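Engineer:
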Amino acid sequence: MKRNQFLLFALLLLSLQSLGQVADSPFEVYVMNYRFGPKSLDYFKVNNIVVTNLFAENAIVEDGSENRVDEAKVRNTLQKLFHHADSDGRLVLDWEDKDIFKALRDYPVTDSRYKRAEAEWRKLIGIIREMRPNVKIGIYGIPFNSWYETNIDKYNPPGKYDELLSLTDFLAPSLYLAFADEEVGHARNLQYIRENMDVALNYGKRLNKPVYPFFWHRIHDYNKKNGYELMQIDVFAAYMKFISTYTYKGYKADGVYWWEALSKKQNLSKANGLGGWAKGLVTDYDSYDALMVKYATAVVEELNE
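The numbering used here puts the first residue of the sequence shown at 19, with every later residue one more than the last.
#1: Where K297 and R123 are concerned, what is the direct C-alpha to C-alpha distance, given to the nearest angstrom?
#2: Assign W234 to one of three DSSP states: helix, strand, or coil.
#3: How would you write the range of the beta strand (DSSP E) that K154 sits in, first residue to last?
#4: Closest Cβ-Cβ distance between L292 and chain C: below 8 Å?
#5: When the Cα atoms are used, what is the spatial distance from D106 to G245?
#6: Whether or not the segment 273-292 and the segment 43-63 are in contact is what I'm after, with contact meaning three or more pairs of Cβ atoms, one per stretch, closer than 8 Å; do they touch?
#7: Should E138 and R86 be called a contact, given that it needs their Cβ atoms to be closer than 8 Å?
#8: Taking the alpha-carbon positions, what's the V317 to I251 distance?
#9: Using alpha carbons as the reference points, say which of L321, E320 and T315 lies closest to V64.
#10: From what residue to what residue does the beta strand (DSSP E) around G107 run?
#11: Report buried or exposed for L32, applying the criterion of at least 16 other Cβ atoms within 10 angstroms of its Cβ.
#12: Which residues in the same chain as T186 place their Cβ atom closer than 8 Å to its Cβ, once the five residues preceding and following it in sequence are excluded?
#13: Could you pull out every residue in the same chain whose Cβ sits closer than 6 Å to the Cβ of D326, ignoring the five residues on either side in sequence?
#14: Assuming the contact rule is C-beta atoms closer than 8 Å, K57 and D307 should be a hit. Round their C-beta distance to whole Å, please.
#15: For L286, which residues from the same chain have a beta carbon less than 8 Å from its beta carbon, with the 5 sequence-adjacent residues on both sides left out?
#16: Looking at the secondary structure, which residues open and close the beta strand (DSSP E) in which F73 lies?
#17: Can you round the beta-carbon distance between W234 and Y194 to whole angstroms, since I take them to be within the 8 Å contact cut?
#18: Rounding to the nearest angstrom, what Cα-Cα distance links I237 and M149 in this structure?
#19: Can you round the beta-carbon distance between L225 and S184 to whole angstroms, since I take them to be within the 8 Å contact cut?
#20: In terms of residue numbering, what span does the alpha helix (DSSP H) encompassing G273 cover?
#21: Please report the straight-line C-alpha distance between G82 and N76, rounded to a whole angstrom.
#22: For A198, which residues does DSSP report across the bridge?
#23: Taking all protein chains shown into account, decide if P231 is buried (16 or more other Cβ within 10 angstroms of its Cβ) or exposed.
#24: Do T95 and F119 have their C-beta atoms closer together than 8 Å?
#25: For the segment 122-149, list the alpha helix (DSSP H) runs that are entirely contained and at least 4 residues long, ordered along the chain.
#26: Can you tell me whether L29 is buried or exposed? The criterion is at least 16 other CB atoms within 10 Å of its CB, across all chains shown.
#27: Please classify R108 as buried or exposed, where buried requires at least 16 neighbouring CB atoms within 10 angstroms.
#28: Measure the CB-CB distance between L111 and N71 and report whether it falls below 8 Å.
#29: Spatial neighbours of K178 within its chain, please: CB distance less than 7 Å, with the 5 preceding and 5 following residues excluded, ordered by chain position.
#30: In angstroms, rounded to a whole number, what distance separates the CA positions of S281 and L248?
#31: So, do the segment 167-176 and the segment 196-204 have three or more beta carbon pairs nearer to each other than 8 Å?
#32: Where Y257 and Y125 are concerned, what is the direct C-alpha to C-alpha distance, given to the nearest angstrom?
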């Protein structure tokens, strides 16, 4: 009897440890709620790609203001996402207003504009901690990324964000590609990922926080030529593999957030892919959803090699 109880306990422990892990890989892949179709969601469920939650700006700020926390709105949205006081899960805070997000980047910690921005972040995190203490919190995009190494150093002076990031449970920097391999070369994009990962992993190592970068299967719309174009499936999967294995002073990312836009119309607006590789594959959202399954399958296979 005791032996059977021990075996049941061991199986339960293994199942809990595997939550978020892609098949046999220890690397965790998360996606955001409401952003993928039914075929993708079915595939995610079978392969331990976990659907989780995001707080965008419209769930945070006062109406008519982009730089002040609306406590009632935050509490209302939290209640909808996490129904019970003891609910757990993950929540990324995505608040990119220039006076709140970029103020942290652009001003020294002694500047009143920095202090005001940090105070709003502290207020937001404090509300969530008080209402849902078991929910794990991360801030999207901090430390800050850049294509240029000089800007990476400029935006991220040593230890600048220690106090703010110490309030979170994990780091969620952005690694979206601003340029396609066809424009700048694969080696230059890998350099961009390494340089930005070094900063994030350095913070993670010092603060003892897991790192979960955001990555997208499209080129960032900052790019006027190829913005929003689909990467080739194998290229995307290879980048996900690189992110999963890259090490800085013995520290690696624990997982990744695979980004997807919320608007189906937006996702269908550019579906031919870089150089037209996907032309004709997507005729409606159902076929787009099937294409996302192909992306997911390639990622799972890469991570399990």
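Don't be surprised by glycine CBs; every beta carbon is placed ideally from N, CA and C.
All figures in this text were calculated on a predicted structure; none of them were measured in a lab.
Structural biologist: Reading off the structure:
#1: 40 Å
#2: Reduced to three states, the DSSP call for W234 is strand.
#3: From DSSP, the beta strand (DSSP E) with K154 extends over V153 to Y158.
#4: Protein chain content of the structure displayed is limited to a single chain, and chain C is not contained in it.
#5: One C-alpha to the other measures close to 36 Å.
#6: yes
#7: yes
#8: 9 Å
#9: T315
#10: G107 to L111
#11: For L32, the predicted structure reports a pLDDT of 41, less than 50, and the residue's modelled location is therefore unreliable. A value from the coordinates is still provided. Counting Cβ neighbours within 10 Å, L32 comes out exposed, since fewer than 16 surround it.
#12: I143, I155, G156, I157 and K227
#13: Absent from the model: residue 326. The displayed extent of the chain is 19 to 323, so no value can be given.
#14: 5 Å
#15: V300, D302, Y303 and Y306
#16: V68 to F73
#17: Taking a contact as a CB-CB distance under 8 Å, the pair W234 and Y194 counts as one, their CB atoms being some 5 Å apart.
#18: 37 Å
#19: Correct: roughly 6 Å between the Cβ atoms.
#20: From DSSP, G273 is part of no alpha helix (DSSP H) but of the beta strand (DSSP E) over G273 to W277.
#21: 11 Å
#22: Beta-bridge pairing links A198 to no other residue.
#23: buried
#24: no
#25: 130-149
#26: Note that L29 has pLDDT 43, beneath the 50 cutoff, so the model's placement of it is unreliable and the number below is only indicative. Burial call: exposed.
#27: buried
#28: no
#29: V127
#30: When rounded, the distance between both Cα atoms is 15 Å.
#31: no
#32: 33 Å
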